[in-house]
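Novice:
In UniProt numbering, the protein residues as written are 1 to 257.
(1) Determine which residues share a DSSP beta bridge with residue 60 and list them.
(2) Please report the distance separating the alpha-carbon of residue 206 from that of residue 229.
(3) Give the list of continuous alpha helix (DSSP H) stretches no shorter than 4 residues that lie fully inside the region 164-218.
(4) Report back the beta-carbon spacing between residue 41 and residue 32 to the nearest angstrom; my notes put them in contact at under 8 Å.
(5) If I'm right that residue 62 touches residue 81 with Cβ under 8 Å, what's the distance once you round it to whole angstroms?
(6) Which residue or residues does DSSP assign as beta-bridge partners of residue 230?
(7) Which residues in the same chain as residue 122 place their Cβ atom closer than 8 Å to its Cβ, once the five residues preceding and following it in sequence are excluded?
(8) Can you check whether the CB of residue 12 is closer than 8 Å to the CB of residue 224?
(9) Which residues in the same chain as residue 251 place their Cβ atom closer than 8 Å to its Cβ, once the five residues preceding and following it in sequence are excluded?
(10) Please list the terminal residues of the continuous beta strand (DSSP E) segment that includes residue 47.
(11) Between the beta-carbon of residue 37 and the beta-carbon of residue 52, is there less than 8 Å?
(12) Assuming residue 68 and residue 88 are in contact, meaning their beta carbons sit under 8 Å apart, how far apart are those beta carbons, in whole angstroms?
(13) Who does residue 147 pair with in a DSSP beta bridge?
(14) What would DSSP say about residue 38, mapped onto helix, strand or coil?
(15) Thinking residue 44 and residue 111 are a contact (beta carbons under 8 Å), I'd like their distance in whole angstroms, please.
(16) Using alpha carbons as the reference points, say which of 74, 130 and 140 lies closest to residue 147.
(17) Output the distance between the C-alpha atoms of residue 222 and residue 86, rounded to the nearest integer angstrom.
(18) Please classify residue 117: is it buried, with 16 or more other beta-carbons within 10 angstroms of its beta-carbon, or exposed?
(19) Hey, how far is the Cα of residue 58 from the Cα of residue 134?
(20) Assign residue 17 to one of three DSSP states: helix, strand, or coil.
(21) Exposed or buried, what is residue 1 when buried is set at 16 or more other beta-carbons lying within 10 Å of its beta-carbon?
(22) If I measure Cβ to Cβ from residue 178 and keep anything under 6 Å in the same chain, skipping five residues before and after, which residues do I get?
(23) Classify residue 175: buried if its beta carbon has 16 or more other beta carbons within 10 angstroms, exposed otherwise.
(24) Between the C-alpha atoms of residue 70 and residue 94, what's the straight-line distance to the nearest angstrom?
(25) State the beta-bridge partners of residue 87 as determined by DSSP.
(26) Tell me which residues share the same chain as residue 77 and place their Cβ nearer than 7 Å to its Cβ, disregarding the 5 neighbours each side in the sequence.
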């Protein structure tokens with residue numbers, strides 16, 4: 001049986017990579033950004049990458065340079081090394097691991113966790129990050145959902161933690177926007193053929209492609225549609241015509257009254 005997405009994921013706007021703003025000392029996926037989102041009452045989206053010693057680290061990019069005071073692949077750092085690597089604009093704080101973030105959020109707001117593709121081509125060479133995430137999430141009781149662009153990752157999450165809501169991050173898969181993927185892979189993923197296979201509780205879809213008939217047929221059929229990434233109130237108003245909730249950054253989305 002597919003677990004339902006908790007209602008708060010459709011009620012509270014979701015802060016993309018937490019409520020980040022480096023001008024205020026809150027980098028993406030940082031403890032400071034997570035605390036700010038909790039204080040404001042927003043849901044939180046975070047990303048997971050795998051450390052060299054098999055631990056789930058809360059970090060978006062595959063390479064360190066844009067977000068941290070270091071260079072090279074994040075997966076070459078151990079957990080302790082990553083935790084000691086300062087985030088850019090973050091007042092010295094290092095990369096957090098998932099266990100620490102779970103303790104910090106502690107069920108206060110919804111937590112949406114994206115598992116970053118570890119295969120490189122959205123293929124089946126996955127498993128270690130999914131296992132590490134599922135292990136860390138055992139016993140967590142707050143509103144929680146998992147997702148990935150890679151349907152194989154979502155299928156593995158369904159096997160490891162069938163009780164947790166999971167979804168596929170979906171896109172229009174324009175070839176120019178996905179140079180790392182082949183045309184056939186883009187064409188396949190665009191059609192979203194894996195939703196039943198993985199037991200998807202929702203999708204999180206690219207905002208500019210929300211009006212596509214395939215997306216709206218899914219929504220009309222009762223599948224919740226979240227979207228990414230909204231960067232203004234104008235964009236949010238347009239997206240809410242076609243989506244049930246937004247993932248936002250760069251402005252403050254209005255909370256329900």
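Even glycine gets a Cβ: it sits at the ideal position worked out from N, Cα and C.
Quantities reported herein were computed from a predicted structural model and do not represent experimental measurements.
Specialist: So, to answer that:
(1) None; residue 60 has no bridge partner.
(2) 7 Å
(3) 183-190 and 195-198
(4) Not really, about 17 Å apart at Cβ, beyond 8 Å.
(5) With a Cβ gap of about 16 Å, residue 62 and residue 81 do not count as contacting.
(6) 248
(7) 149, 150, 151, 152, 181, 185 and 189
(8) no
(9) So the qualifying residues of the chain are 231, 232 and 233.
(10) Unbroken beta strand (DSSP E) run through residue 47: 43-50.
(11) no
(12) 6 Å
(13) 114 and 167
(14) helix
(15) 5 Å
(16) 130
(17) 43 Å
(18) buried
(19) 14 Å
(20) Coil, per DSSP.
(21) exposed
(22) 186
(23) exposed
(24) 11 Å
(25) Bridge partners of residue 87: 68.
(26) 51, 52 and 85
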